[in-house]
Amino acid sequence: MNRKKANFFLLLQLFVTFTALFLCLGLNLKKLGNYFRPLGYQYEDSWLVVLDFQHLPEEKKLEFSRLIQQKLQAVKEIELVSATQVIPFQQWGNEEKITYNKQTSKALGFEVDENYSTVLGIKLVEGRWFTAKDYVLNAIPVVLTEDLAERDFKQGSPIGKTILIGDRPALIVGVSEAVRENTGADLNPGFFIPLKTAATSYLLKSKNTDNFQLLEDQIRKTINSVGISEILIRQNISLTLVKKYAQKTDYIQLSITLLVFAFLLINVFLGISGVFSYNLSKRKAEVGLRVTMGASPADILQQFLLESIVLTTLGILPGLLIAIQMLIMQYLDAYYGTLSILGAALFLYLLMLSCAFYPSLKAARLNPSDALHEE
Numbered sequence: 001m002n003r004k005k006a007n008f009f010l011l012l013q014l015f016v017t018f019t020a021l022f023l024c025l026g027l028n029l030k031k032l033g034n035y036f037r038p039l040g041y042q043y044e045d046s047w048l049v050v051l052d053f054q055h056l057p058e059e060k061k062l063e064f065s066r067l068i069q070q071k072l073q074a075v076k077e078i079e080l081v082s083a084t085q086v087i088p089f090q091q092w093g094n095e096e097k098i099t100y101n102k103q104t105s106k107a108l109g110f111e112v113d114e115n116y117s118t119v120l121g122i123k124l125v126e127g128r129w130f131t132a133k134d135y136v137l138n139a140i141p142v143v144l145t146e147d148l149a150e151r152d153f154k155q156g157s158p159i160g161k162t163i164l165i166g167d168r169p170a171l172i173v174g175v176s177e178a179v180r181e182n183t184g185a186d187l188n189p190g191f192f193i194p195l196k197t198a199a200t201s202y203l204l205k206s207k208n209t210d211n212f213q214l215l216e217d218q219i220r221k222t223i224n225s226v227g228i229s230e231i232l233i234r235q236n237i238s239l240t241l242v243k244k245y246a247q248k249t250d251y252i253q254l255s256i257t258l259l260v261f262a263f264l265l266i267n268v269f270l271g272i273s274g275v276f277s278y279n280l281s282k283r284k285a286e287v288g289l290r291v292t293m294g295a296s297p298a299d300i301l302q303q304f305l306l307e308s309i310v311l312t313t314l315g316i317l318p319g320l321l322i323a324i325q326m327l328i329m330q331y332l333d334a335y336y337g338t339l340s341i342l343g344a345a346l347f348l349y350l351l352m353l354s355c356a357f358y359p360s361l362k363a364a365r366l367n368p369s370d371a372l373h374e375e
């Protein structure tokens, strides 16, 4: 009865550990894999300026936004200025409905100006980027990301075709490489369209982004020269530092995950080792009898290790069914979810074998006469 109870708690512990390990791997493997994929743009030579126009009326905001952009462009340390509502690592696009051939889907809308692709070095796959001349068209000029073009235009080139963004017609003029918000983020299909409102954020292209004091002072003086006290500078920083600040959250999450995993590992290792040692200490007579009947120490060791594999299989089986169900329901990516199942199972098999090896080896070396006499 005690042996059945011990095995039940062992199986429960294996089930909980497998499920927790699967979820841990499934939620972090994809993010880790994304770190090694291209962002789709260059951030090293970019600088971010975010303004707050406070209570200025809308027409004044537009006027001063354009004036500030012109003044920043005149600074000799700045090569190019882009007015934007899309900031890598910080503020990404807004979800929009797009319709083509009566088929409606969702994608991220990126409101930027004609200089955005040059400032961030976004490469075009085909077509061109929109220009200021396109703003007078009846249809909105739009540049699709490559993943959106592949998703919604599987046959032929999308260039020159008209789609609906919400209820507004938009003419596709180009296709860019796919872009992602952050190094750990997933790719999200999207499209670039011209700004509809006054810009409050600017991305600047400069070779002096590593000279923080110089560029920060020049930009502050330039904006203050407008002479409007309502305009406040919220951010004046290189995009490289924005990236570092944004990744702190990822590092904190990863650290917490590793701490929880380490705590779980220690507890599982101690628990399983204790159960094995207890179970084998109660089976000395069985070991002694088998040795008396001609079983070698290797046979005894093999028996107990095979038993640990069987117990591991029984323990992870309910967790495996839950994991497969989550993949079917698409709660996790199929590829990384499968890797998580294999990784969690392999880890537990190795853990069980390592926990069982020493008690099994100790049992295999028992003197049969001592074992039988003790019983």
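The numbers in full-length UniProt numbering rise by one with no breaks, and the one at position 86 of the sequence shown is 86.
Note that CB positions come from ideal geometry on N, CA and C, so glycine has one too.
| Item | Value |
| --- | --- |
| Span separating the alpha-carbon of S176 from that of Y202 | 21 Å |
| I98 burial status per 10 Å Cβ neighbour count (16 or more: buried) | buried |
| Sub-8 Å separation of L241 and E77 beta-carbons | no |
| Span of the beta strand (DSSP E), counted from its first residue to its last, around R234 | L232 to S238 |
| Secondary structure of K106, DSSP reduced to three states | strand |
| Nearest to L164 (by Cα), restricted to the options E181, T183, L301 and P141 | P141 |
| Counted within 10 angstroms of its Cβ, other Cβ atoms place M352 as buried (16 or more) or exposed | buried |
| Candidates F110, L204 and I252: closest to G190 by CA position | F110 |
| Neighbour-count burial assignment, N224, 16 or more Cβ in a 10 Å radius | exposed |
| T17 to G319 span [Cα, whole Å] | 9 Å |
| Alpha carbon of L311 to alpha carbon of Q330, nearest angstrom | 29 Å |
| Three-way DSSP call (helix, strand, coil) for residue 397 in this model | This structure does not reach residue 397, given that the chain is present from 1 up to 375, and the question cannot be answered. |
| Residue from G271, V260, I316 and F357 with nearest C-alpha to L301 | F357 |
| heavy atom of the ligand NAP below 7 Å from Q213 C-beta | Of ligands this structure carries none, so the ligand NAP is not represented either. |
| Which of helix, strand or coil DSSP assigns to S176 | strand |
| Residue nearest to T145 in terms of C-alpha spacing, selected from T104, I172, V75 and K243 | I172 |
| Contact between the region 119-136 and the region 55-70 (3+ Cβ pairs under 8 Å) | no |
| Nearest-angstrom Cα separation, counted from L265 out to L372 | In this prediction, L372 has a pLDDT of 49, which is less than 50 and means its spatial position is unreliable; what the coordinates show is noted afterwards. Distance between the alpha carbons of L372 and L265: 36 Å. |
| Integer-rounded CB distance, given that L10 should sit under 8 Å from I272 | 7 Å |
| Whole-Å CB distance - I237 paired with L48, under 8 Å assumed | 6 Å |
| Below-8 Å beta-carbon distance, M326 vs any chain D residue | Annotation note: the requested chain D is absent from the structure, which comprises a single protein chain. |
| Euclidean distance between Cα positions of Q91 and A20 | 32 Å |
| C-alpha gap between K248 and L314, whole angstroms | 40 Å |
| Rounded C-alpha distance that separates Y278 from E307 | 15 Å |
| Coarse secondary structure for G121, derived from DSSP in three states | coil |
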